[in-house]
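Heads up: take any position in the sequence shown, counting from 1, add 446, and you land on the numbering used here.
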Amino acid sequence: YHEFLTIEMETVYDEELPVLKRIKIPMVWERMSCGVCIKDLQPDKYDVALDIIQNNFLEDDPLCKASAVLGNDVAIQEYLKVALHWIQDTQSFLAVEDSTDRA
Numbered sequence: 447y448h449e450f451l452t453i454e455m456e457t458v459y460d461e462e463l464p465v466l467k468r469i470k471i472p473m474v475w476e477r478m479s480c481g482v483c484i485k486d487l488q489p490d491k492y493d494v495a496l497d498i499i500q501n502n503f504l505e506d507d508p509l510c511k512a513s514a515v516l517g518n519d520v521a522i523q524e525y526l527k528v529a530l531h532w533i534q535d536t537q538s539f540l541a542v543e544d545s546t547d548r549a
């Protein structure tokens, strides 16, 4: 019985996309009625995510406000390097307009 399952699984995978191509396809986690879609953050959108962090998040983050990070360009660049590291090594999401794929 176990051998049959293994053979069946291999057959299913042969008919689907290769593993590496499947991994690159962004998974859609949620489609909202307002036209916004939540997707896995893909490498081609990392720069968009970092731009959002720099131009929206940092201004509102209490730790950044308290530590004067916003007035120090070197500190902002270091923060963005760390953010990129976390984006690459963890599961990250991006909200986009469903019709245009614009963040």
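In this text, a Cβ means the ideal position worked out from N, Cα and C, and glycines have one as well.
Owing to the predicted nature of the structure, the values given are computational and were not obtained by experimental measurement.
7 Å CB neighbourhood of residue i in its chain, flanking five on each side removed
{"i": "residue 533", "result": "487, 492, 495"}
{"i": "residue 490", "result": "none"}
{"i": "residue 500", "result": "522, 526"}
{"i": "residue 529", "result": "496, 499"}
{"i": "residue 502", "result": "none"}
{"i": "residue 543", "result": "481, 482"}
Classification of residue i by the beta-carbon crowding that lies within 10 angstroms, buried from 16 upward
{"i": "residue 474", "result": "exposed"}
{"i": "residue 485", "result": "buried"}
{"i": "residue 509", "result": "exposed"}
{"i": "residue 448", "result": "In this predicted model, residue 448 has a pLDDT of only 43, less than 50, meaning its place in the structure is not dependable enough to derive any value."}
Which residues DSSP lists as bridging residue i, in chain order
{"i": "residue 541", "result": "484"}
{"i": "residue 474", "result": "485"}
Spatial neighbours of residue i in its chain, beta-carbon cut-off 8 Å, leaving aside the 5 residues before and after
{"i": "residue 504", "result": "510, 515, 516, 522, 525"}
Cutoff 6 Å; reference residue i; Cβ partners in own chain excluding five residues on either side
{"i": "residue 541", "result": "482, 484"}
Residue-chain proximity (residue i, chain C), Cβ-Cβ < 7 Å
{"i": "residue 506", "result": "Looking at the structure shown, chain C is missing, and only one protein chain is on hand."}
Decide yes or no for the touch test of the region 506 to 520 against the region 472 to 488: beta carbon pairs closer than 8 Å, at least 3 of them.
no
Curious, which full-length alpha helix (DSSP H) runs of at least 4 residues does the region 488 to 540 contain?
492 to 498, 508 to 513, 519 to 535
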